[in-house]
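Asks:
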Amino acid sequence: MASSFLLEEILYLTSRAPKIISSCTDGLSYTFLKLIFKHPKYSVVLTNVRLSSSKERRPITLINCDAKIFTRFLNARMVTVFPPLISPWQSGFMKKRFIAGNGALAQIAIEQASLRNSDKVDLLCDQEKAYDRVHPTYLQAVLNCYGFPYKFTSAITNLFYSTSMCVNVNGYLTLPVSLGRDLRQGYPISPLLFYLVLEPLVKSISDSPVIRGFDPPSLSLPTVRDPLHGLSAIQPLKVLAYADNPLLFLRDPADLEAAQQLIHCYNLASNAKMNFDKTIAFSVSGLPHPHCPPRFSRSWNH
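Taken in order, the sequence shown gives residues -19 to 282; the numbers are from the working numbering.
1) Answer yes or no: do residue 147 and residue 137 have a C-beta to C-beta separation smaller than 9 Å?
2) Considering only C-alpha positions, which residue in the set 152, 176, 97 and 84 is nearest to residue 128?
3) Could you check whether residue 223 and residue 262 sit closer than 9 Å to each other, using their CB atoms as the reference points?
4) Among the candidates 118, 167 and 248, whose CA atom is the shortest distance from the CA of residue 49?
5) Round the Cβ separation of residue 183 and residue 67 to the nearest angstrom and send it over; I've been treating them as touching at under 8 Å.
6) With residue 161 and residue 122 assumed to form a contact (beta carbons below 8 Å), what rounded beta-carbon distance in angstroms separates them?
7) DSSP three-state call for residue 102: helix, strand or coil?
8) Evaluate residue 169 with the Cβ neighbour count: other Cβ atoms within 10 Å of its Cβ, from every protein chain shown; 16 or more gives buried, anything less gives exposed.
9) In whole angstroms, give me the CA-to-CA distance for residue 117 and residue 135.
10) Check the DSSP bridge columns for residue 150 and list the partner residues they point to.
11) Go ahead and label residue 91 buried or exposed: buried means 16 or more other beta carbons lie within 10 angstroms of its beta carbon, across all protein chains shown.
12) Hey, out of 75, 95 and 227, whose CA is closest to residue 258's CA?
13) Please classify residue 184: does DSSP put it in a helix, a strand, or coil?
14) Taking 6 Å as the limit between beta carbons, can you name the residues of its chain near residue 231, skipping five residues before and five after?
15) The alpha helix (DSSP H) with residue 260 in it runs from where to where?
16) Following the continuous alpha helix (DSSP H) through residue 122, name the residue where it begins and the one where it ends.
17) Got a sec, what are the start and stop residues for the alpha helix (DSSP H) residue 233 sits in?
18) Would residue 157 be called buried (16 or more neighbouring beta carbons within 10 Å of its own) or exposed?
19) Please classify residue 144 as buried or exposed, where buried requires at least 16 other C-beta atoms within 10 Å of its C-beta.
20) Count the other CB atoms, across all protein chains shown, that sit within 10 Å of the CB of residue 102; report buried if there are 16 or more and exposed otherwise.
21) Beta-carbon separation of residue 172 and residue 78 under 9 Å?
22) From residue 267 to residue 112, what distance separates their C-alpha atoms?
23) If residue 225 and residue 106 are in contact, beta carbons under 8 Å, what's the gap, nearest whole angstrom?
24) DSSP on residue 145, reduced to helix/strand/coil?
25) Can you tell which of 164, 179, 108 and 142 has the C-alpha that lies nearest to the C-alpha of residue 64?
26) Which residues bound the beta strand (DSSP E) around residue 227?
27) Could you pull the DSSP bridge partners for residue 134 from this structure?
28) Does the beta-carbon of residue 72, which I'm using as the reference point, lie nearer than 8 Å to any heavy atom of the ligand COA?
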């Protein structure tokens, strides 16, 4: 992974890029490869109609084409070793993984819970500015933990955190500002990096001996065959994830408390922040639940 890029790699990956589209204010398309990685432009867009809340403003990065192509090189190296590193509960944007797999699991859980009149609970979590809050120290620690070479890790951290940005506000660019955190979503490699960032939380929940989760029926889906079919018994379903949105299966308030502790630990380590205004708790079977946490009372029984 840390070896030099071959000319064949460069020609192949640049040939896959659009020839006309330009993603930056300099107007240069992918045809022009100049060394201007270090000055992406940010535009602020609204995610809904609550104009007074800064939480609803999300930065969109307009990244120079050559910087994107460089991340294609890194991404091409990373995908060769990536799938075994991520648990099968994560179904977002990876080869041979599809959101329908997790969707089918969730649907089966709902149907089984309805047949059993179960009072189990699902917690659909929302992270506040998930990509934008990733801390460089945490990202580097995760990459090191997974055994990525120093040269590769250094290239990633320098690419994301040794740069500056300008903010586009109503057509006017601010002076350059140094970046202290963030995974820019315009980079092809950003989703894979974020899956590594989130994986410790997903693993800690799925491997927790305290969280009991939901006992599923016997299943045979390609993406989850190994976790569900053990030698002794079917393992309980505790968490599914699509990109930055984990779905937790909780049996009782003790499960909720244990999950909150793991989320709190993850937040402290990674600088993440769960958006409880958008986090939804609901009964898997549709029946009213007797143990409704106050912060989720608006959505618990819907």
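Think of the CB as a built atom: it goes at the ideal place given N, C-alpha and C, for glycine as much as any other residue.
Replies: Well, looking at it:
1) Result no, Cβ atoms of residue 147 and residue 137 do not sit closer than 9 Å.
2) Distance from the Cα of residue 128 is smallest, within the candidate group 152, 176, 97 and 84, for 176.
3) No; because the gap between Cβ atoms is not below 9 Å, this pair is not in contact.
4) It is 167 whose Cα lies nearest to the Cα of residue 49.
5) Yes, residue 183 and residue 67 are in contact; Cβ-Cβ is about 6 Å, under 8 Å.
6) No, residue 161 and residue 122 are not in contact; Cβ-Cβ is about 14 Å, not under 8 Å.
7) Three-state result, residue 102: strand.
8) Counting Cβ neighbours within 10 Å, residue 169 comes out buried, since at least 16 surround it.
9) So the alpha carbons of these two residues sit roughly 14 Å apart.
10) Per DSSP, none; premise fails for residue 150.
11) The residue is exposed, with fewer than 16 neighbouring Cβ atoms inside 10 Å.
12) Comparing alpha carbon positions, the residue from 75, 95 and 227 closest to residue 258 is 227.
13) The answer is helix: DSSP assigns residue 184 an H, G or I state.
14) For residue 231, where only same-chain residues beyond five positions count, the Cβ hits under 6 Å are 100 and 192.
15) Element bounds for residue 260: not the alpha helix (DSSP H) but the beta strand (DSSP E), 260 to 263.
16) 116 to 125 is the extent of the alpha helix (DSSP H) around residue 122.
17) 233 to 250 is the span of the alpha helix (DSSP H), which, as asked, contains residue 233.
18) Classification of residue 157: exposed, given that the 10 Å Cβ count is below 16.
19) Around the beta carbon of residue 144, fewer than 16 other beta carbons lie within 10 angstroms, which makes this residue exposed.
20) Classification for residue 102: buried.
21) Between residue 172 and residue 78, the C-beta gap is not smaller than 9 Å, which leaves the two residues out of contact.
22) In a straight line, the C-alpha of residue 267 is about 37 Å away from that of residue 112.
23) For a cut-off of 8 Å, the C-beta gap from residue 225 to residue 106 is around 6 Å, short enough to register as a contact.
24) Of the three classes helix, strand and coil, the one that applies to residue 145 here is strand, per DSSP.
25) It is 179 whose Cα lies nearest to the Cα of residue 64.
26) Per DSSP, the continuous beta strand (DSSP E) segment holding residue 227 begins and ends at 225 to 230.
27) Residue 134 pairs with nothing; no bridge assigned.
28) Here there are no bound small molecules, and the ligand COA is not part of this structure.
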